[in-house]
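Engineer: Protein chains in written order, with our numbering: chain A, 1 to 269; chain B, 1001 to 1349; chain C, 2001 to 2336. We put the beta carbon where it would ideally sit given N, CA and C, even for glycine. Computed from a prediction, not measured in an experiment: that's the story for all the values here.
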């Protein structure tokens, strides 16, 4: 069963074609992670799925309807996106920012209801930013800020959540924090998550469904334990490596090959 | 999984935060309303024939003597009301443009929408020789056409804030050259008249200026209020806003249209008065501490600023009343100096 | 344009530009209300036979052309310098408030102190230009993102508006000043005599030499402050010297010919398109190409409205404006 899929997508920026005739399906209830080298089109594909960009050809379907035919607010009630770059308006407090995530559920006549209050509180609790509620967002650290933006996306209460490189500028502790949070949302709340990650090992650890892309095409997809091996990594990233089992989680762990020094004996494989 | 105590703390903090913000804004609005009314009374009392505030109030409610009532009704009130309405329009337009361009310096008088109005007006004054109404109408048309041109040229798969600003600056440089050219070809009396108009002046403003401006604001200000919700969302970035279900391009276009119309109306009423659109939203924001475009509070602040500037302009040098634009220009200069001082104190962030 | 940018190619290009300049100079002397054929111009250049033509050539056209050469070179180099110093492709003396600063100071000088000579103007022009650039940079560097091109442009426009209000205030009150001001502010090469040129030329020459000396440090600075410092460039010193050069060039040019926009903005872009980002070539190319543009605009102004003329400042605005807008529409500028 799938709620979100792309059919025969051709995606381009200016005159540069990033992907052609791409078919992508997001399994319902999965934590899908998209990986690939720089400029392989993974962010572009994610943004097309989130209706941020219109495909030159092909279409994105949400619940069987073309996503561009649905009213944008309706889409926003079913599908949320945490973009790569967001702007925190001057002097906005955490509580205010998270509250803005309720926009798709409000209207001219429906301004602020107890339901909204609940959703915002729950989102702030899930991301553990409750005690930052009256702080100004631009005073927070990078990790805290990312959690706040995630809280805003959660307040939207969408069954589908897309995340565009949510961990890129964070240190390792905060990266793991955000990803653990995503895993919670997936397992405990049953949401379907789609994330673009640049760290392959993180992707293997957290994904229930991995999509590996290269030059605008999907090279392989499936459970990381099944599909990730040294050959795949070399095909997608051009990196020679060894794949072992992560001692903590049992998922694939990619270990890049050592640099061959001239004259030294090669380590045993 | 989720402990109740932190969740309750968070919820309580959230509720407190959400209550506090509107309360302060309401307080500021109330204060500004009182300020505007007080300034209106002072403005009506200012001029060659000074009238005490109490007498002004009496005249306004219809209990003054005939001489005072005459002056108030035919000369002072329309001028003060024009100032009030034009100031409100400029304040609102400034708030809209600063939000759309995502830059506190992005203001319609800065990014060239008034240059078209000016060029058309100077053309009217120096070449066609029209009267005040013709000049106002001409400036309205010039402003709208220029805005159309700027928007059209900035459009490329949609309009980003920065491109709008830069194209506006480029077009206004061209139009300023046109104005300079016209001023070198005109008679000195026309040049003086044009100079006064270009500075922004409320001299000789009558009821024929008040009614159209009031009618326009009656439509445009409610439109601002309606459009403000989406404007607030777009401030967070195009992607975030789109993800929340906002039609970003439609919101931007509608807001720009309203902003341009407000600017054109204000410019038609009193010429391109500088810096009200720039400073009113910023001052209002600092008072309310609120986030978001704050269009309505900016409008009230604009009205207050314009009235205060006109009073100052008339009273500063008793023998030579200045055009209001000179005072607002000085105000703008001070504001920019204050920005500089802030930067120096804060150090390079 | 992917020319192989080797030194011989660039040198050849510069020679071509110089030839173009010579051509435009000749045009500038021949064209006007009374067209004088080139061979006659050639004669008159060397033998002043006291005829009507000779007077036109020596007293009107040559001073005008020489002024155009100097002002053009000054504005072109100032623009290239500003764009290099601020790493901002949209820097222009007009857009960043420097012209307005010079203009306001000059108006103040005329109004308050009755200054009338070009040398008098020049010192006010310097003061105004320097002050304005400091203010604009200070305001533009506010906020988290620092002095981005858009912020600087906005700050420049805001400062220009503020100064404009000051000028307006003065000209409304003092008609005498208004009368002088309106003819100066439009930006014109005509109506000046050799005295003016003699008074401003030294400042421009010093400014040009200073600018050329800064070429190598600017190349290092183009990589970023830290990278430049790591390469041994003195960031602070280069900035101050650069600002001094810009002030000298813009202050003198504006004092002589009034504020002229877009030359400083567009010519360095053309120069960079032709010879690449090396400042040791961009500066000389700008110094040669800018007078080509300026004098061409001047000639056009004389031709379009014969027997009157459209001042060069107006022509530059109307030619440069579209170029500026086209520049903005190009994707590469999108990262501002």
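Which partner residues does residue 26 (chain A) have in the DSSP bridge list?
Structural biologist: A:4
Engineer: Can residue 2049 (chain C) and residue 2265 (chain C) be called in contact, C-beta distance under 8 Å?
Structural biologist: No, the Cβ-Cβ distance between residue 2049 (chain C) and residue 2265 (chain C) is not below 8 Å.
Engineer: Give the secondary structure of residue 1273 (chain B) by DSSP, where H, G and I count as helix, E and B as strand, and everything else as coil.
Structural biologist: coil
Engineer: Please state whether DSSP places residue 241 (chain A) in a helix, a strand or coil.
Structural biologist: strand
Engineer: Ignoring anything shorter than 4 residues or poking outside the stretch 2209-2293 of chain C, list the alpha helix (DSSP H) runs there in chain order.
Structural biologist: List check, alpha helix (DSSP H) in window: 2215-2221, 2225-2230, 2235-2257, 2263-2275.
Engineer: Helix, strand or coil for residue 136 (chain A) per DSSP?
Structural biologist: strand
Engineer: For residue 1219 (chain B), which residues in the same chain have their Cβ closer than 7 Å to its Cβ, ignoring the five residues on either side in sequence?
Structural biologist: none
Engineer: Could you say if the stretch 2078-2089 of chain C and the stretch 2146-2156 of chain C meet the contact criterion of at least three C-beta pairs nearer than 8 Å?
Structural biologist: yes
Engineer: Going residue by residue through the stretch 40-75 of chain A, where are the continuous beta strand (DSSP E) segments of at least 3 residues, counting only ones entirely within it?
Structural biologist: 57-62
Engineer: Rounded to a whole number of angstroms, what is the C-alpha to C-alpha distance between residue 2328 (chain C) and residue 168 (chain A)?
Structural biologist: 30 Å
Engineer: What residues of chain B sit near residue 2009 (chain C), judged by a beta carbon separation below 8 Å?
Structural biologist: Annotation: residue 2009 (chain C) has no Cβ neighbours in chain B at a cutoff of 8 Å; minimum Cβ distance is about 32 Å.
Engineer: Mind checking the stretch 1093-1126 of chain B against chain C and listing, in chain order, the residues whose C-beta falls within less than 9 Å of any C-beta there?
Structural biologist: 1101, 1103, 1104, 1105, 1106, 1107, 1109, 1110, 1111, 1112
Engineer: Does DSSP classify residue 1003 (chain B) as helix, strand or coil?
Structural biologist: Below a pLDDT of 50, predicted positions are generally treated as unreliable, and residue 1003 (chain B), at 45, falls in that range; no measurement from the model is reported.
Engineer: Which of the three DSSP states is assigned to residue 165 (chain A) in this structure?
Structural biologist: Coil.
Engineer: What does the Cβ neighbour count give for residue 172 (chain A), buried or exposed, with the cut at 16 atoms within 10 Å?
Structural biologist: exposed
Engineer: Identify each residue in the stretch 68-93 of chain A for which the Cβ-Cβ distance to at least one residue of chain B is less than 9 Å, and report them in chain order.
Structural biologist: 71, 72, 73, 74, 75, 76, 77, 79, 80, 81, 82, 83, 84, 85, 86, 87, 88, 89, 90, 91, 92, 93
Engineer: How should residue 17 (chain A) be labelled, buried or exposed, when 16 other C-beta atoms within 10 angstroms of its C-beta is the threshold for buried?
Structural biologist: exposed
Engineer: Do you know how far the Cα of residue 1061 (chain B) is from the Cα of residue 2326 (chain C)?
Structural biologist: 58 Å
Engineer: Please report the residue range of the alpha helix (DSSP H) in which residue 128 (chain A) lies.
Structural biologist: Residue 128 (chain A) -> no alpha helix (DSSP H), and no H or E assigned at all.
Engineer: How close, in whole Å, do the beta carbons of residue 1122 (chain B) and residue 1183 (chain B) come, if the pair is a contact with beta carbons under 8 Å?
Structural biologist: 7 Å
Engineer: Residue 2219 (chain C) touches chain B at which residues, Cβ-Cβ below 8 Å?
Structural biologist: Near residue 2219 (chain C) there are no residues of chain B at all, since even the closest Cβ is about 24 Å away, more than 8 Å.
Engineer: Can you give me, in chain order, the residues of the stretch 1234-1258 of chain B that have a beta carbon less than 8 Å from any beta carbon in chain A?
Structural biologist: Taking 8 Å as the cut-off between beta carbons, the residues of the stretch 1234-1258 of chain B near chain A are 1235, 1236, 1237, 1239, 1240, 1242, 1243, 1244, 1245, 1246, 1247, in sequence order.
Engineer: Going by other Cβ atoms of all chains shown within 10 Å of its Cβ, with 16 needed for buried, is residue 1272 (chain B) buried or exposed?
Structural biologist: Buried is the call here.
Engineer: Taking the DSSP output, what are the residues bridged to residue 221 (chain A)?
Structural biologist: Its beta-bridge partners are A:211.
Engineer: Taking residue 1213 (chain B) and residue 1077 (chain B) to be in contact with their CB atoms under 8 Å, please state how far apart those CB atoms are, rounded to whole angstroms.
Structural biologist: Going by Cβ atoms, the distance from residue 1213 (chain B) to residue 1077 (chain B) rounds to 14 Å, so no, they are not a contact pair.
Engineer: Going straight from the alpha carbon of residue 2201 (chain C) to that of residue 1167 (chain B), what length do you get?
Structural biologist: 34 Å
Engineer: Need the endpoints of the alpha helix (DSSP H) that residue 2008 (chain C) sits in, please.
Structural biologist: 2007-2030
Engineer: Return the Cβ separation of residue 2252 (chain C) and residue 2074 (chain C) in integer angstroms, given the expectation that the two are a contact with Cβ distance under 8 Å.
Structural biologist: Under the criterion of beta carbons closer than 8 Å, residue 2252 (chain C) and residue 2074 (chain C) qualify as touching, at roughly 6 Å.
Engineer: In three-state terms, what does DSSP make of residue 2091 (chain C)?
Structural biologist: coil
Engineer: Excluding the 5 residues preceding and the 5 following residue 2225 (chain C) in the sequence, name in chain order all residues of the same chain whose CB lies nearer than 8 Å to its CB.
Structural biologist: Cβ within range, chain order: 2235.
Engineer: Where does residue 1290 (chain B) fall in DSSP's three states?
Structural biologist: coil
Engineer: Once DSSP output is grouped into helix, strand and coil, what is the label at residue 1112 (chain B)?
Structural biologist: coil
Engineer: State the beta-bridge partners of residue 34 (chain A) as determined by DSSP.
Structural biologist: DSSP output for residue 34 (chain A) lists A:196, A:211 as bridge partner(s).
Engineer: By DSSP, does residue 943 (chain B) sit in helix, in strand, or in coil?
Structural biologist: Absent from the model: residue 943 (chain B). The displayed extent of chain B is 1001 to 1349, so no value can be given.
Engineer: Hey, quick one: how far does the alpha helix (DSSP H) through residue 2322 (chain C) stretch, first residue to last?
Structural biologist: 2312-2329
Engineer: So which of A:61, A:250, A:249, A:233 has the shortest CA-CA distance to residue 242 (chain A)?
Structural biologist: Looking at the Cα atoms, A:233 is the closest of the given residues.
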